[in-house]
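Visitor:
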Amino acid sequence: MPSIRRVQVLVTQSVKRKPGALVGQAAAWAVVGVALAVPTDVQAHADFDQPQARRDALLARVAAVREELKNDYSSTAETPLLTAQATTWTNWPKWSKWSNWTNK
Amino acid sequence: MEQLDQQVKLPPRRVVAGIAAGEPAEQAWRTRGSDFPLGLRTDLLVLQATPFCNIDCAYCYLPDRQNKARMSMATLQAAVQGLVDDDLLAEELTVVWHAGEPLVLPPTYYEEAFAVIAAALPPALPVTHAMQTNATLVDDDWCAFFQRHHVAVGVSVDGPAPLHDLHRRTRRGAGTHATVQRGIDCLKRHGIGFHAIAVVTAATLADPDGFYRWFEGQGITELGCNFDEAEGVHQQSSLAGQEAAHAAFVQRLLQLSLRGTVVVRELAQAWRALTAPLPHWQWRHHAWPRNTQVMPLALLSVAHNGDFSTFSPELLGQPSAVYGNFVLGNVMRSGYKQALQGDIFQQLWAGVSAGVAACERHCAYFNFCGGGAPANKLYELQNLAATETLHCRSMVQRPFDAVLRQAELERGLRA
Numbered sequence: 073m074p075s076i077r078r079v080q081v082l083v084t085q086s087v088k089r090k091p092g093a094l095v096g097q098a099a100a101w102a103v104v105g106v107a108l109a110v111p112t113d114v115q116a117h118a119d120f121d122q123p124q125a126r127r128d129a130l131l132a133r134v135a136a137v138r139e140e141l142k143n144d145y146s147s148t149a150e151t152p153l154l155t156a157q158a159t160t161w162t163n164w165p166k167w168s169k170w171s172n173w174t175n176k
Numbered sequence: 422m423e424q425l426d427q428q429v430k431l432p433p434r435r436v437v438a439g440i441a442a443g444e445p446a447e448q449a450w451r452t453r454g455s456d457f458p459l460g461l462r463t464d465l466l467v468l469q470a471t472p473f474c475n476i477d478c479a480y481c482y483l484p485d486r487q488n489k490a491r492m493s494m495a496t497l498q499a500a501v502q503g504l505v506d507d508d509l510l511a512e513e514l515t516v517v518w519h520a521g522e523p524l525v526l527p528p529t530y531y532e533e534a535f536a537v538i539a540a541a542l543p544p545a546l547p548v549t550h551a552m553q554t555n556a557t558l559v560d561d562d563w564c565a566f567f568q569r570h571h572v573a574v575g576v577s578v579d580g581p582a583p584l585h586d587l588h589r590r591t592r593r594g595a596g597t598h599a600t601v602q603r604g605i606d607c608l609k610r611h612g613i614g615f616h617a618i619a620v621v622t623a624a625t626l627a628d629p630d631g632f633y634r635w636f637e638g639q640g641i642t643e644l645g646c647n648f649d650e651a652e653g654v655h656q657q658s659s660l661a662g663q664e665a666a667h668a669a670f671v672q673r674l675l676q677l678s679l680r681g682t683v684v685v686r687e688l689a690q691a692w693r694a695l696t697a698p699l700p701h702w703q704w705r706h707h708a709w710p711r712n713t714q715v716m717p718l719a720l721l722s723v724a725h726n727g728d729f730s731t732f733s734p735e736l737l738g739q740p741s742a743v744y745g746n747f748v749l750g751n752v753m754r755s756g757y758k759q760a761l762q763g764d765i766f767q768q769l770w771a772g773v774s775a776g777v778a779a780c781e782r783h784c785a786y787f788n789f790c791g792g793g794a795p796a797n798k799l800y801e802l803q804n805l806a807a808t809e810t811l812h813c814r815s816m817v818q819r820p821f822d823a824v825l826r827q828a829e830l831e832r833g834l835r836a
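Going down the list, the sequences are from chains A and B.
This note's numbering puts the first residue of the first sequence at 73, with every later residue one more than the last.
This note's numbering puts the first residue of the second sequence at 422, with every later residue one more than the last.
1) On the three-state DSSP scale, how would you describe S722/B?
2) Any chance you could list the alpha helix (DSSP H) runs of at least 4 consecutive residues sitting entirely within the segment 732 to 818 of chain B, in chain order?
3) Can you name the start and end residues of the alpha helix (DSSP H) that L504/B belongs to?
4) Do you know how far the Cα of V537/B is from the Cα of D456/B?
5) For L834/B and chain A, any beta-carbon pair shorter than 9 Å?
6) Could you tell me how far apart the beta carbons of H616/B and L644/B are, in whole angstroms, since I believe they sit closer than 8 Å?
7) So, under 8 Å CB-CB, L546/B and L514/B are touching, yes? Tell me the CB distance rounded to an integer number of Å.
8) Would you report the Cα separation of L524/B and V559/B, rounded to the nearest angstrom?
9) Exposed or buried, which one is D728/B when buried takes at least 16 other CB atoms within 10 Å?
10) Cβ closer than 7 Å: which chain A residues qualify as neighbours of A828/B?
11) For the candidate residues V548/B, A623/B and V684/B, whose alpha-carbon lies nearest to that of L510/B?
12) Please confirm whether N804/B and A651/B have their CB atoms less than 9 Å apart.
13) When burial is assigned at 16 or more other CB atoms within 10 Å of the CB, is Q714/B buried or exposed?
14) Tell me whether the beta-carbon of T591/B lies closer than 9 Å to the beta-carbon of A556/B.
15) Closest Cβ-Cβ distance between V110/A and chain B: below 9 Å?
16) Measuring alpha carbon to alpha carbon, tell me which residue in Q768/B, E687/B and L761/B is nearest V817/B.
17) Quick check: the Cα distance between M492/B and A500/B, rounded to an integer number of angstroms?
18) How many Å lie between A135/A and H707/B at the Cα?
19) How would you call N712/B, buried or exposed, if buried means at least 16 neighbouring beta carbons within 10 angstroms?
20) Give the interface partners of E831/B over in chain A, defined as CB-CB distance under 8 Å, in chain order.
21) Put H611/B into one of helix, strand or coil per three-state DSSP.
22) Rounded to the nearest angstrom, what separates P581/B and R462/B at their Cα positions?
23) Does the distance from the CB of T682/B to the CB of T642/B come in under 9 Å?
24) Thinking Y480/B and V620/B are a contact (beta carbons under 8 Å), I'd like their distance in whole angstroms, please.
25) Here's the rule: buried if 16 or more other CB atoms are within 10 angstroms of the residue's CB, otherwise exposed. What is K489/B?
26) If you compare alpha carbons, which of C813/B, D561/B and F473/B is closest to H667/B?
27) How big is the Cα-Cα spacing for E829/B and V137/A?
28) Quick one: residues in its chain with C-beta nearer than 8 Å to the C-beta of V505/B, no 5 flanking neighbours on either side, listed in chain order?
29) Rounded to whole angstroms, how far is the Cβ of P734/B from the Cβ of L720/B, which I believe are closer than 8 Å?
30) Run through the segment 639 to 690 of chain B for me and flag every whole beta strand (DSSP E) of 3 or more residues, listed as ranges in chain order.
31) Report, in whole angstroms, the separation of the C-beta atoms of M494/B and A534/B, which I expect to be a contact under 8 Å.
32) For W563/B, which residues does DSSP report across the bridge?
33) Residues in its own chain within less than 8 Å of E781/B by CB, not counting five upstream and five downstream?
34) Measure from the C-beta of H783/B to each C-beta in chain A and report whether the shortest distance is under 9 Å.
35) Would you mind working out which of P795/B, K758/B, Q827/B and F789/B sits nearest D508/B, comparing C-alpha positions?
36) Looking only at C-alpha atoms, which of P528/B, T731/B and V578/B sits nearest to G756/B?
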């Protein structure tokens, strides 16, 4: 789905090419109408293609997880599996030497 | 944190080949390496005792693996002394014997080599020797050597025999799994702990359970997955076009490792990146997440003939007219820091640092990676300044996505 901004540009270009073509203008504005009718979350998804938006979304998810990880579940019977298992992953000094390089 | 930026003195601008004069100020990081301050440190030294390998894996990136030359002790001494003379030693040093099968040379070679290295380095410096081997030559003598010197052993094995023998073959085309198994059994008999590194190809993706269970059945607890990558003479990854299957494989591997005994390196690294920020390093007042493949001299590779390079170890010895075969110098003739003044390094650094900057601008995962792998950018996209590669997606992004998603599910952040 194109963004509203993109549709606006297309309409402007269309009108400039054929200023007298009322049919063309009507059709173009119909497209704008459809675009405006698209729910805002779908519009947001179009913006999501932007690198900064993707990064912000990922960072927000990571921040939320890090915040949650401050809660200690170790004394309960419901210790999250990943947290419990990955505790040993963190204490794995060997791989720190090899970080970012993976030799065959 | 490494403060590479302390006391930076900008040198006179000098235009290197391929970079136009009058470049904008924000491109100033492309200038000479002489403005690298003395804060550079090396903590990983990759030594190629010999380029020769006794087997002939289909996906190997090494172009010269029939060459039986070996590194002389004089070359080795110069390689290590260079670290001392240039004040490059970090608080500890890992020496990896790699880029050829290290065990084709006898233990006596390494007895002498280890003594040469120990004599050249400060006595108090912690040094770990690591060997990545195909294990076909492991025997009682080698095991005694590993134990005597506390060598960190890594075995290259791709899992069950049908998978392994698809690609890891002798020069006559025979599978090597049975021989590798004998080597693994010998290591276990001597009580020598080791990790495994498997190359995951398209054929592996169909049966993650069988793959994982094989390592579990061997009692192996540490597994690195090298997802098949296009590098050097191996120009096409079998995973190209298999990305959905790869994502499913990683997801299943996570589920298996959450309940199993084998820790998968890529998932462990993703967990570490998820739970704590990467340490940063600085250059010209700009902080980047630490990634040894893009940090000058953090990782040094020295070939059997003394040629040396930095950044991705896979680059050294690869033919390249543009980058002078990635050889920055030779330990018998030049120092490491001196090599930063050369045009080859300048060309490389211009590309590598532009690539990191591009990753920083365009990649959502930059904070958890630090700029990717130069070798993969070059071989996949023919451009060191490129950003996302198949290697990025398979080695970093999908493991990270899988671990993040699992953490969200467990913590009620995702339905």
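Every residue, glycine too, gets a C-beta built ideally from N, C-alpha and C.
Given the structure is predicted, the values throughout are model-derived calculations rather than measurements.
Guide: The answer reads as follows:
1) By 1-based counting over the second sequence, the position of residue 722/B is 301. In this structure, S722/B counts as strand in the three-state DSSP scheme.
2) Secondary structure within the segment 732 to 818 of chain B: the alpha helix (DSSP H) runs of 4 or more consecutive residues, fully enclosed, are 757 to 760, 764 to 783 and 795 to 802 (chain order).
3) Working through the second sequence from its first residue, we reach residue 504/B at position 83. It spans M494 to D506 - the alpha helix (DSSP H) in which L504/B sits, taken as one unbroken run.
4) Translated into the one-based positions of the second sequence, residue 456/B becomes position 35. Translated into the one-based positions of the second sequence, residue 537/B becomes position 116. In this prediction, D456/B has a pLDDT of 49, which is less than 50 and means its spatial position is unreliable; nothing more can be read from the coordinates.
5) In the second sequence, the residue the question calls residue 834/B occupies position 413. Yes - at least one Cβ of chain A is within 9 Å of the one on L834/B.
6) Along the second sequence, one-based indexing puts residue 616/B at 195. Along the second sequence, one-based indexing puts residue 644/B at 223. Cβ atoms of H616/B and L644/B come within 8 Å of each other, at about 7 Å.
7) The count along the second sequence starts at 1 and reaches residue 546/B at position 125. The count along the second sequence starts at 1 and reaches residue 514/B at position 93. Their Cβ separation, rounded to whole angstroms, is 6 Å, which keeps L546/B and L514/B in contact under 8 Å.
8) In the second sequence, counting from the first residue as 1, residue 524/B sits at position 103. In the second sequence, counting from the first residue as 1, residue 559/B sits at position 138. Across the structure, L524/B and V559/B are spaced so that their CA atoms are roughly 8 Å apart.
9) Walking along the second sequence from the start, residue 728/B turns up at place 307. Buried, by the Cβ-count rule.
10) Translated into positions along the second sequence, residue 828/B becomes position 407. The contacting residues are V137 and L154.
11) Within the second sequence, residue 510/B is the residue found at index 89, counting from 1. Just measuring C-alpha positions, the residue of V548/B, A623/B and V684/B sitting nearest L510/B is V548/B.
12) One-based indexing of the second sequence puts residue 804/B at position 383. One-based indexing of the second sequence puts residue 651/B at position 230. No. Outside cutoff.
13) Taking the first residue of the second sequence as position 1, residue 714/B is located at position 293. The residue in question, Q714/B, is buried, as its Cβ has 16 or more Cβ neighbours within 10 Å.
14) Within the second sequence, residue 591/B is the residue found at index 170, counting from 1. Within the second sequence, residue 556/B is the residue found at index 135, counting from 1. Contact flag unset, no.
15) Taking the first sequence and counting its residues from 1, the one referred to as residue 110/A is at position 38. In this predicted model, V110/A has a pLDDT of only 47, less than 50, meaning its place in the structure is not dependable; the value taken from the coordinates is given anyway. Contact with chain B is absent for V110/A, since none of that chain's Cβ atoms lies less than 9 Å from the residue's Cβ.
16) Residue numbering aside, residue 817/B sits at position 396 when the second sequence is read from its first letter. That would be E687/B, whose Cα lies nearest to the Cα of V817/B.
17) Position 71 of the second sequence holds residue 492/B. Position 79 of the second sequence holds residue 500/B. C-alpha separation (whole angstroms): 10 Å.
18) One-based indexing of the first sequence puts residue 135/A at position 63. One-based indexing of the second sequence puts residue 707/B at position 286. When rounded, the distance between both Cα atoms is 23 Å.
19) Counting from 1 along the second sequence, the entry for residue 712/B is found at position 291. Residue environment for N712/B: buried (at least 16 other C-beta atoms within 10 angstroms of its C-beta).
20) Position 410 of the second sequence holds residue 831/B. Neighbours of E831/B on chain A, chain order: P152, L153, L154 and T155.
21) As a first step, residue 611/B must be located in the second sequence, where it is residue number 190. Collapsing the DSSP output to three states places H611/B in coil.
22) Your numbering for residue 581/B matches position 160 in the second sequence. Your numbering for residue 462/B matches position 41 in the second sequence. If you take the alpha carbons of P581/B and R462/B, they lie about 40 Å apart.
23) Locating residue 682/B in the second sequence gives position 261, where the first residue counts as 1. Locating residue 642/B in the second sequence gives position 221, where the first residue counts as 1. Against a cut-off of 9 Å, the Cβ pair of T642/B and T682/B comes out as a contact.
24) As a working note, residue 480/B is residue 59 in the second sequence. As a working note, residue 620/B is residue 199 in the second sequence. With a Cβ gap of about 6 Å, Y480/B and V620/B count as contacting.
25) Sequence index remark: in the second sequence, residue 489/B carries index 68 (1-based). Only exposed fits K489/B, as fewer than 16 other CB atoms lie within 10 angstroms of its CB.
26) By 1-based counting over the second sequence, the position of residue 667/B is 246. Checking every option, the nearest Cα to that of H667/B belongs to C813/B.
27) Position 408 of the second sequence, counting from 1, holds the residue named residue 829/B. Position 65 of the first sequence, counting from 1, holds the residue named residue 137/A. Rounded to the nearest angstrom, the gap between the Cα atoms of E829/B and V137/A is 6 Å.
28) Within the second sequence, residue 505/B is the residue found at index 84, counting from 1. Cβ within range, chain order: A541, L542 and P543.
29) As a position in the second sequence, residue 734/B is number 313, starting the count at 1. As a position in the second sequence, residue 720/B is number 299, starting the count at 1. With a Cβ gap of about 7 Å, P734/B and L720/B count as contacting.
30) Runs of the beta strand (DSSP E) spanning 3 or more residues and lying entirely within the segment 639 to 690 of chain B occur at 643 to 648, in chain order.
31) Position 73 of the second sequence, counting from 1, holds the residue named residue 494/B. Position 113 of the second sequence, counting from 1, holds the residue named residue 534/B. Contact between M494/B and A534/B holds: CB atoms are separated by about 7 Å, below the 8 Å threshold.
32) Walking along the second sequence from the start, residue 563/B turns up at place 142. For W563/B, which the question treats as bridged, DSSP gives no partner whatsoever.
33) Translated into the one-based positions of the second sequence, residue 781/B becomes position 360. Taking E781/B as the centre and dropping the five residues before and after it, the same chain places the C-beta of W709, F787 and G792 closer than 8 Å to its C-beta, in chain order.
34) Taking the second sequence and counting its residues from 1, the one referred to as residue 783/B is at position 362. Yes, because at least one Cβ of chain A sits closer than 9 Å to the Cβ of H783/B.
35) Numbered from its first residue, the second sequence carries residue 508/B at position 87. The residue with the shortest Cα to Cα distance from D508/B is K758/B.
36) Sequence index remark: in the second sequence, residue 756/B carries index 335 (1-based). Put simply, of P528/B, T731/B and V578/B the residue whose alpha carbon is nearest the alpha carbon of G756/B is T731/B.
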